[in-house]
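Below is one structure, written out as structure tokens; comments come after it.
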Amino acid sequence: MNNLKFRLIVMNFLQFAVWGAYLTCMGNYLGKAGMGAEISWFYAIQGIVSIFMPTIMGIVADKYIQPQKLLGICHLVAGAAMIALFNMGQASATPDKVMFITLYTLSVAFYMPTLALSNTAAFTIMTNNKMDTVKDFPPIRVFGTVGFIATMWFVNCATFDNGSFFFTLGENAYKFQGTHYQFLVSGVLSVVLFAYCFTLPSCPLVKKEGKQSLAETMGLNAFKLFKTKKMAMFFIFSMMLGMSLQVTNGFATPFLTSFQADPALKDTFAANNATMLVSLSQVSEALCILLIPFFLKRFGIKVVMLIAMYAWVFRFGFFGLGNPAMPGVLLFVLSCIVYGVAFDFFNVSGAMFVDKECDPNIKASAQGLFMLMTNGLGATIGTLAAGQVVNAYCQWQGDYLLGDWPTAWFIFAGFALVVAVAFMVLFKYKHDPSKI
């Protein structure tokens, strides 16, 4: 059993290490590569492909290819495209925008389904081995966050100079966090995970007896969850909360780095180590995952989701109030701390709730549907809207995105507050601890 947990820990570590290499620091590179105005679109693309790719891959995993094998195949394609992005950055400081976006889209189109597939594979392997998913999954999943942090720190600290790699800054050394090298780190790890997935335990497909309906044949029967008012409201609010998911991923590091343009703040730690500071969010996330079993059993999904929603209000609000100097930088730290609650109590708890509420033969499709609503529709709408807000109040001036950042952050906080109040009033759910 311990060996099985370790194998799932390795899978989760690599799964999120792939994402952590570029997700929070990509904006700085895009600005320098002449694609600063398209930052919101790069994050929206993750949402756009999540509208259909997780659902499609969930259907394939339910009916045709075992989820752990499909997970590996998706990582191979995503990793190859990431390495191609690195090669484009290596060839030119300002890569062809159309080709760059095309390759990026290909990569995330095959990466985003793996977020649901990794959950499905883990839940299936654990269930087949008579493990308690609510009790045993969070301590395994926490190592995914550790992997995310590890590559964030690596990209923040690692530098290159004429093809040589260092971990201290030399006179002519450049940090990975502002360069195309972040895509190389992601691509290599993705290829490693591809190979590893084929060593995981088998996850036999569930064969349903008898004649199947058209929806079942096409793998669309997960959508029948919308027939239940409780699940319909859960998915709708998941979409609305998902609108907050990529906002700080896309704009936190350009926001923090922008303080370098202020002579009084240019030498502060936060302004020069944006990726490292933002990684505190993932440290908090790692700790908060371990609280999920207690909160779900004690309070139920409604209270847990409400806590996440109010945490998003503070996440954005603290960014709007803070600055890199003391004591303002403490508000940035607080923003990172509450992020752990905001993300985990929504994303991880939501995936566990969906797993418990759906039939065994649609588990992968149901996880894909959850991804569609959150990282798909929600993140797409939210990221594009956030891009409009940021572009209305801030503009790129050289390497920095400057303007009225506080107003933008307060607008995001206000939206999260409205969603929280609406969820509290409209979502009806009676908690039964015996079912968790």
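Quick note, my numbering runs 95 ahead of the 1-based positions in the sequence shown.
The beta carbon of each residue, even a glycine, is placed where N, CA and C say it ideally should be.
Since the model is a prediction, treat every value here as computed from it, not as a measurement.
- Ile134 is the residue among Asn107, Ala508, Asn418, Ile134 whose C-alpha sits nearest the C-alpha of Leu118.
- In the structure shown, Gln341 adopts coil according to DSSP, grouped into three states.
- Following the DSSP letters along the chain, one finds Gln492 inside the beta strand (DSSP E) bounded by residues 489-492.
- Proximity to Val408 across Leu109, Leu425, Leu340, Gln490 peaks at Leu340, based on C-alpha coordinates.
- Put simply, the stretch 382-389 does not touch the stretch 510-527. Fewer than three CB pairs are less than 8 Å apart.
- Residue environment analysis places Gly482 among the buried positions, since at least 16 neighbouring C-beta atoms fall within 10 angstroms of its C-beta.
- By the C-beta density criterion, Ser281 is buried, having at least 16 other C-beta atoms within 10 angstroms.
- With at least 16 other beta carbons inside 10 angstroms of its own, Asn442 counts as buried.
- DSSP places Tyr495 in no alpha helix (DSSP H) but in the uninterrupted beta strand (DSSP E) bounded by 495-498.
- Taking a cut-off of 8 Å on C-beta distances, the stretch 357-369 does not touch the stretch 144-161, as fewer than three cross pairs fall below it.
- In the displayed model, Lys192 falls within a helix according to three-state DSSP.
- In this structure, Ala186 lies away from Val144, with their beta-carbon atoms at least 8 Å apart.
- Approximately 13 Å separates the beta-carbon atoms of Leu401 and Met328; this is outside 8 Å, ruling out the contact.
- Approximately 18 Å separates the beta-carbon atoms of Lys392 and Ile235; this is outside 8 Å, ruling out the contact.
- Looking from the CA of Phe330, the closest CA among Gly463, Thr274, Met130, Gly115 belongs to Gly463.
- Distances from the alpha-carbon of Ala459 to those of Gln110, Met152, Gly131 put Met152 closest.
- Pro149 has its alpha-carbon roughly 8 Å from the corresponding atom of Thr209.
- If you keep only unbroken alpha helix (DSSP H) runs of at least 4 residues inside the stretch 359-437, you get 364-367, 369-384, 387-394, 396-416.
- Its Cα nearest to that of Ala132, the residue Tyr495 stands out among Tyr495, Lys523, Leu109.
- By the Cβ neighbour-count rule, Pro233 is buried, with 16 or more other Cβ atoms within 10 Å of its own.
- Between Thr240 and Gln377, the beta carbon gap of about 5 Å places them in contact (Cβ cut-off 8 Å).
- Where Tyr124 is concerned, the enclosing alpha helix (DSSP H) starts and stops at 121-127.
- Exclusion of the five residues before and after Ile140 leaves Ile196, Tyr199, Thr200, Val203 as the residues of its chain whose Cβ lies within less than 8 Å of its Cβ.
- Counting along the chain, the unbroken alpha helix (DSSP H) around Leu166 starts and ends at 162-186.
- Under the 8 Å Cβ criterion, the stretch 119-130 does not count as touching the stretch 209-220, having fewer than three qualifying pairs.
- The C-beta of Ala487 has fewer than 16 other C-beta atoms within 10 Å across all chains shown, which makes the residue exposed.
- The closest CA to that of Pro299, considering only Gly115, Leu497, Asn456, Val342, is found on Asn456.
- Lys523 carries a coil assignment under DSSP once its states are collapsed to helix, strand and coil.
- Its chain contains Ala116, Cys120, Phe271, Gln272, Gln277, Val280, Thr370 as the residues whose beta carbon lies nearer than 7 Å to that of Val250, once the 5 sequence neighbours on both sides are disregarded; these appear in chain order.
- Here the alpha carbons of Ala176 and Cys169 stand approximately 11 Å from one another.
- Counting along the chain, Asn107 sits inside the alpha helix (DSSP H) bounded by residues 97-115.
- Rounded to the nearest whole angstrom, the CA to CA distance from Val399 to Pro501 is 28 Å.
- The C-beta distance from Phe181 to His275 rounds to 5 Å, short enough to fall under 8 Å.
- Shortest Cα-Cα distance from Asp157 to any of Arg102, Ala503, Asp454, Lys127 involves Asp454.
- The beta-carbon separation of Met404 and Leu336, rounded to 6 Å, stays under the 8 Å limit for a contact.
- The three-state reading of DSSP puts Phe147 in coil, since its state is none of H, G, I, E or B.
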